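A short write-up of the structure that comes next.
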Amino acid sequence: MTDDRNIRIEDYNYELPEERIAFFPAAQRDQSKLLVYRDGTITDSQFSQLAEQLTPNDLLILNDSKVIHARLLVHNTTGAAIEIFCLEPLAPTTDPATAFAQTGTVTWKCMVGNAKRWKHPLFIDVPIGDRQVRVTATRGENMEGASFEVTFSWNAPDVSFAEWLEHYGKIPLPPYIKRAATADDETRYQTVYAKYDGSVAAPTAGLHFTPAVFESLHQKGIRTEYVTLHVGAGTFKPVSTETIGDHYMHEEKIVITEALINLLLNNMGRRRIAVGTTVARTLESLFIIGAKLKTGRPHPLLVEQWEIYDDPALRAVTLEDSLTAIHDYLEQQDTDLLRAATRLIILPTYKPCVVQGIITNFHQPKSTLLLLISAFVGDQWRAIYRHALDHGYRFLSYGDSNLYL
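When we follow the numbering used here, the leftmost residue of the sequence shown carries the number 1, and every step to the right adds one.
And the structure:
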């Protein structure tokens, strides 16, 4: 076992009082606090002043994935409540965009609450316009833990899966926000630039952005671009093992345009700032994909959890060579979209290859997200979090923001 795998998760624990968790968003998105950590110094600011903390020619990269209405509450014939949480599509396609457009029937991997009471098909009546769409949910094989194959079929051939899910399902708030979702959450637990359906959790660093913030960035010459990583429920999965080597990292789908790859390749001098851990994970996975293509490794479009730590040849590839390899691959495939999947875990020992700064929220104790932050700020995460706790910052998804440069 390498030193990477021997990292003790207890070393990334801290006391988070419940009253410091933000159970509701700030009154205005960009009025959240912004903690800035630059060259070992902490300063306090406000998110509306983000542009003042950056320099012209910076490149901010954001995640445009959209949170779906993934949580379904259904009752069986005896009245027992069964909760279905849609995680990822299985059939007839595993591609989220295609799965949401599907009509007639789809099969998804779902977490099921009170599964023991689900013995027969469940019927969901969804009012859409002036008609009722009858959806039948059938539980299939147990996949892992409380996850099952669930097949949904419905009697309206002109209605897509996305359409009836949008009408019936609820926004899936994080498990630590112990309240029911409200109408306000429909907009506030979604970034203003969300575009592509597929996430079951918001890329929360982006929740602070407003049109006014974007305007101030562009006025200063700061460019914004987008990637897509569909956030899975695994982002909330606590590390329950003593050392990180025994933790299994969840897989997430990513989509990156050829235009962004070319922009990165042709603007190596721009400082690259990831808006959120999802973007950091996407961009570092992009480097590994290119390194695998460059070195001829198998299955280049799937980034495994440990391969960047175990394969020195991948780490030896330059960013320029990695991006060039991806550009050439897309040209050969005659496509302008890179579709891939990642199981990458970013540890404190990881040396970022693409990302040079990050905007993020405050994360849960003993989480893989806190490990990722340590790759950028090292052991200083403790001083940063202590400062935030001492100065009234709000934590987790609806909480305040950090900028690490």
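Quick reminder that beta carbons are idealized off the backbone N, C-alpha and C, glycines included.
Just so you know, these numbers come straight off a predicted model, no measurement behind them.
Helix, strand or coil, according to DSSP, for Phe85 in the structure here? strand
Let me check one thing: in DSSP terms, what residues is Ser45 bridge-paired to? Leu34
DSSP beta-bridge partners of Ala91: Thr107
Measure the alpha-carbon distance for Leu330 versus Leu323 and round it to whole angstroms. 11 angstroms
Candidates Leu34, Arg29, Ala325, Asn267: closest to Gln46 by CA position: Leu34
Spatially closest choice to Pro365 from Thr191, Gln356, Arg386, Ala26, by CA coordinates: Arg386
Please list, in chain order, all residues of the same chain as Thr138 whose beta carbon is under 6 angstroms from its beta carbon, the five residues on each side excluded. Pro121, Thr151
Reduced DSSP category for Gly221 - H, G, I as helix; E, B as strand; rest coil: coil
Between Leu59 and Val279, what straight-line distance do the alpha-carbon atoms span, to the nearest angstrom? 13 angstroms
Among the residues of its own chain, which have a CB less than 6 angstroms from the CB of Asp185, if the five just before and after it don't count? Ile171
Going by the DSSP bridge assignment, what does Ala26 pair with across the sheet? DSSP output for Ala26 lists no bridge partner at all.
Is Gly399 buried or exposed, if buried means 16 or more other CB atoms sit within 10 Å of its CB? buried
Helix, strand or coil for His230 per DSSP? coil
Distance, Pro56 Cα to Thr282 Cα: 24 angstroms
Can you tell which of Asp310, Leu302, His299, Thr295 has the C-alpha that lies nearest to the C-alpha of Thr318? Thr295
Going by the DSSP bridge assignment, what does Leu405 pair with across the sheet? Bridge partners of Leu405: none, in fact.
Specify, as a first and last residue, the run of the alpha helix (DSSP H) that Phe123 falls within. That residue, Phe123, is in no alpha helix (DSSP H); its beta strand (DSSP E) goes 122-128.
Reducing DSSP to helix, strand and coil, say where Met1 ends up. At Met1, the pLDDT of 40 sits below 50, so the modelled position is not reliable; the number obtained from the coordinates is stated separately. Here Met1 sits in coil by DSSP.
If you follow the beta strand (DSSP E) that Pro75 is in, where does it begin and where does it stop? Just to set this straight, residue 75 is His in the shown sequence, not Pro. Start and end: 71-75.
For Ala162 versus Asp130, is the C-beta spacing smaller than 8 angstroms? no
What residue range is occupied by the uninterrupted beta strand (DSSP E) comprising Lys292? First-last for Lys292: 277-295, but that is the alpha helix (DSSP H), not the beta strand (DSSP E).
By a C-beta neighbour count over all protein chains shown, 10 Å radius and 16 as the cutoff for buried, is His299 buried or exposed? exposed
According to DSSP, simplified to helix, strand and coil, what is Tyr385? helix
Are the segment 83-100 and the segment 303-313 in contact at 8 angstroms, needing three or more beta carbon pairs? no
Using alpha carbons as the reference points, say which of Ser65, Val67, Glu83 lies closest to Leu73. Glu83
So, using beta-carbon positions, are Ala115 and Ala81 closer together than 8 angstroms? no
Cβ-Cβ distance between Thr349 and Asp4 below 8 angstroms: yes
Cβ pair Ala233, Val255 closer than 8 angstroms: no
For the candidate residues Ala27, Leu370, Asp39, whose alpha-carbon lies nearest to that of Tyr189? Ala27
DSSP has Ser147 in a bridge; who is on the other side? Met111, Glu144
Let me make sure I understand the geometry here. Which of Ala388, Leu405, Ser48 has the alpha-carbon closest to that of Pro17? Ala388
At which residues does the beta strand (DSSP E) containing Tyr196 begin and terminate? 196-199
Leu337 and Glu258 - do their beta-carbons sit closer together than 8 angstroms? yes
Residues bridged to Val67 [DSSP beta-bridge criterion]: Ser199
Assuming contact is defined by CB atoms lying nearer than 8 angstroms, are Thr182 and Glu251 in contact in what I supplied? no
Collapsed DSSP secondary structure at Ile256 in the structure displayed: strand
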